[in-house]
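Same order as they appear, the protein sequences are chains V and R. Under UniProt numbering, the first residue of the first sequence is numbered 1, with each subsequent residue one higher. Under UniProt numbering, the first residue of the second sequence is numbered 1, with each subsequent residue one higher. Every residue, glycine too, gets a C-beta built ideally from N, C-alpha and C. A short worksheet on the structure shown next.
Number of protein chains: 2
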Amino acid sequence: MSRVYNFSAGPACLPVEVLQKAQEQMLDYQGTGMSVMEMSHRSKAYEEIIGAAESNLRKLMNIPENYKVLFLQGGASLQFAMVPMNLLSKHKKAHYVNTGLWSKKAIKEAKRFGEVNVAASSEDQTFSYIPKLSADMFTPDADYVHITTNNTIYGTKFKEIPETNGIPLVTDMSSCILSEEVDVSKYGIIYAGAQKNIGPAGLTIVIIRDDLIGNVAEIPTMLDYKTHADAGSMFNTPPTYAIYIAGLVFEWLLDLGGLGEIQKVNERKAAILYDYLDNSGFYKGTARREDRSLMNVPFVIGDPEMEKKFVAEAAAAGFVNLKGHRTVGGMRASIYNAMPVEGIEKLTAFMEAFKKNNA
Amino acid sequence: MSRVYNFSAGPACLPVEVLQKAQEQMLDYQGTGMSVMEMSHRSKAYEEIIGAAESNLRKLMNIPENYKVLFLQGGASLQFAMVPMNLLSKHKKAHYVNTGLWSKKAIKEAKRFGEVNVAASSEDQTFSYIPKLSADMFTPDADYVHITTNNTIYGTKFKEIPETNGIPLVTDMSSCILSEEVDVSKYGIIYAGAQKNIGPAGLTIVIIRDDLIGNVAEIPTMLDYKTHADAGSMFNTPPTYAIYIAGLVFEWLLDLGGLGEIQKVNERKAAILYDYLDNSGFYKGTARREDRSLMNVPFVIGDPEMEKKFVAEAAAAGFVNLKGHRTVGGMRASIYNAMPVEGIEKLTAFMEAFKKNNA
């Protein structure tokens, strides 16, 4: 067996220790005589799995008591609808910051349910930066402010949490959750699809402040946060195996020392790659320096044929999924928590060799 | 490692061959150097996995060309909303047959979106039977007729497909899909949560006739069947690993000879268990004989203390999850496709020994 370095934007690489544990436990979870996939979600063994997953996530992110953790389905894309359905309770208006394709999808969906003010946008420069925000952009006649903390396609990230004049701040953290320390108390809702830093696709985590639950009547049962909050994510069968894998990832992070420690690793990884890009004289990062993501690093050579050659030769050398998103072109290295420092060192060595052969 | 006989109603036992294959492939799927969990859903390797899953399901169920197969999330519970949202296009009215708790949940949800006529119900006798239906119950002023083919809690099943006066028939087949041959062309929609006969929880399969897609405007994007039909279930990241496991289950069924063959096995298993119940003079099945499910077999002893003892001793002997649903009491053996004949033979032997010790 030979593992590759997988730079996929998501679903993405998982810690090999997590996969090994899942492999060991596949036919018999801790003497229960069955796979976690086969367990009733109401069984004692499974209740321990989901309970430990929640409590470990709370520990990792230091989630305050007045927040619920929900294990849902449907991806961030379903949250694009659930957020406005549940939160447009008083003003029926929300402020959105448009920092990329996923923000645009969130905006489009919110417009079905109320008024949307796009308070700021970086669309004028292919979303290569984070717009400067000030609290007065967020007039108080709105039920929430929505941002996309990390922009997977464009490789940008909010470095500071915006001031929102006391309006609840909602964020899509799909591509940076668990990558660094976070002050949950600054947010009304944090939501994230699991398939980047949490676990397998098909699980969506929602962290929501209690007072934002249950303020809108007549929401379809499965789309009402209250349904899932009241039932501890067990109103219907949750994605049990994906939650189990997420739980193993949470344990792996705690064993590493928590988010402060993984943040240091992530900063080191990003520094190696960005420094190399900035000094290579061949490759060029596409995001504005001060807004660069720790997780997604888009870069170009500037010659589409050469970029195609790069992606192909990289894959042959065991560095896979480096092709950039079609809207940015070039290459993108997604370097989530599970990508080891070694993977970045080897990638930059490959890039240097490719440069020498092709510059 | 010692595997148990797992009679859980869902999530439920999976074929051991499927788990073994998943275990083997956990860290490296067919030389890709990664787990299926780590694959981009847009990668060639994953497109082959989901493509094979769909084509094998089409083969197994003999699904006509004018039906789409959708791999969705949210469980049957989300379908309780999606069905009326998408299908109440003309009359804004639907007929429902109430055969249990899950039918009631479907009815409750449909009422949010239009008029519901409960055409027949078996609630008067704790849903222990399937009401007799005739086509004239289904007046033509309705957009669809909804049934629950197999009732997991009560152990009943529609033995015949109702005549509906040409009105599209929608069914929740969560607990009997793939258990026997089915004429898909008689249905408008067949939907099923995966966690009984298909694969892991977190995957929902919808088989829908083309003409029922796209007839209602202004449905939230993720709840519109058209979104997923147009995108081949790839509008957003699907539950990739659950689909992979489902694909392994479909291969396992094809290797066994298809639904005709597993039906024979299921009929044999059910016959052994029901014959034993009927002749035991100690245990008693709770569903009406002519409406008995092939998949879920509820039974009682009639003495709650003795039943508690039975469930505990059975578990100690390796027959687990035999406790009945609280609304029926007693015991329930769910004997889905993955439960081998041997499991039923050993269970009835245990039951006979228990009877001798306690009668």
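| field | 8 Å Cβ cutoff, V/C176 in contact with chain R | value | Not an interface residue.
| Helix, strand or coil for V/I107 per DSSP? | helix
| Are the C-beta of R/A81 and some C-beta of chain V separated by less than 8 Å? | yes
| Tell me the DSSP bridge mates of V/N296? | V/S334
| DSSP three-state call for R/R209: helix, strand or coil? | Here R/R209 sits in strand by DSSP.
| said: Between V/M306, V/V216, V/K356, which has its C-alpha nearest V/K92's C-alpha? | reply: V/V216
| task | Name the one or two DSSP bridge partners that V/L72 has. | result | Among the bridge pairs identified by DSSP, V/L72 is matched with V/T204.
| task | Kindly indicate which three-state DSSP category V/A227 falls into: helix, strand or coil? | result | Reading off the sequence shown, one finds Thr at residue 227 of chain V, where the question assumed Ala. Helix at V/T227.
| field | Which of helix, strand or coil DSSP assigns to R/G285 | value | strand
| Rounded C-beta distance between V/A81 and V/E109? I'm assuming under 8 Å. | 5 Å
| message | Counting only C-beta atoms, is V/G193 closer than 8 Å to chain R at any point? | response | yes
| task | Determine the closest residue to V/V249 out of V/V18, V/S2, V/S8, with distance taken between C-alpha atoms. | result | V/V18
| query | Quick one: what's R/V116 bridged to in DSSP? | reply | R/A94
| In three-state terms, what does DSSP make of V/G193? | The answer is strand: DSSP assigns V/G193 an E or B state.
| request: Leaving aside the five residues before and after V/D291 along the sequence, list all residues of the same chain whose C-beta is less than 6 Å from its C-beta, in chain order. | output: Y129, I130, T156
| Cβ-based neighbour list, R/T240, same chain, cut-off 6 Å, excluding 5 preceding and 5 following | H41
| What residues from chain V crowd round R/E218, counting only those whose CB sits closer than 9 Å? | Within 9 Å Cβ-Cβ: R112.
| field | CB contact below 8 Å: R/Y96 versus chain V | value | no
| query | Beta-carbon of V/P298 versus every beta-carbon of chain R: anything under 8 Å? | reply | no
| request: Could you give the DSSP three-state label for R/F319: helix, strand or coil? | output: strand
| task | From the DSSP output, in three-state form, read off R/T139 for me. | result | coil
| Hey, out of V/D278, V/V265, V/T237, whose CA is closest to V/E47's CA? | V/T237
| Within the 8 Å Cβ cut-off, does R/T240 reach chain V? | yes
| said: I believe R/D210 touches R/K90 by the beta-carbon criterion, under 8 Å. Please report the beta-carbon distance rounded to the nearest angstrom. | reply: So it is not a contact: roughly 17 Å between Cβ atoms.
| message | By the 7 Å beta-carbon criterion, what residues does the region 30-41 of chain R contribute toward chain V? | response | Here the close residues are G33, M34, S35, M37, E38, M39, S40, H41.
| task | For R/R3, return the contacting residues in chain V, with the cut-off set at a CB-CB distance below 8 Å. | result | Near R/R3 (Cβ distances below 8 Å), the residues of chain V are L27, D28, G33, M34.
| query | Relative to the alpha-carbon of residue 360 of chain R, which residue among R/V36, R/I107, R/A106, R/G281 has its alpha-carbon at the smallest distance? | reply | The first residue shown for chain R is 1 and the last is 359, placing residue 360 of chain R beyond what the model contains.
| Where R/E109 meets chain B, residues with beta-carbon distance less than 9 Å | Absent from the structure is chain B; the protein chains it does hold are V and R.
| DSSP three-state call for V/Y67: helix, strand or coil? | strand
| message | Assess contact between the region 53-62 of chain V and the region 245-260 of chain V, defined as three or more Cβ pairs (one per stretch) separated by less than 8 Å. Is contact present? | response | yes
| message | Taking CB distances under 8 Å as the criterion, tell me whether R/A12 reaches chain V. | response | yes
| said: For R/G324, which residues in the same chain have their Cβ closer than 7 Å to its Cβ, ignoring the five residues on either side in sequence? | reply: P298, G330, M331, R332
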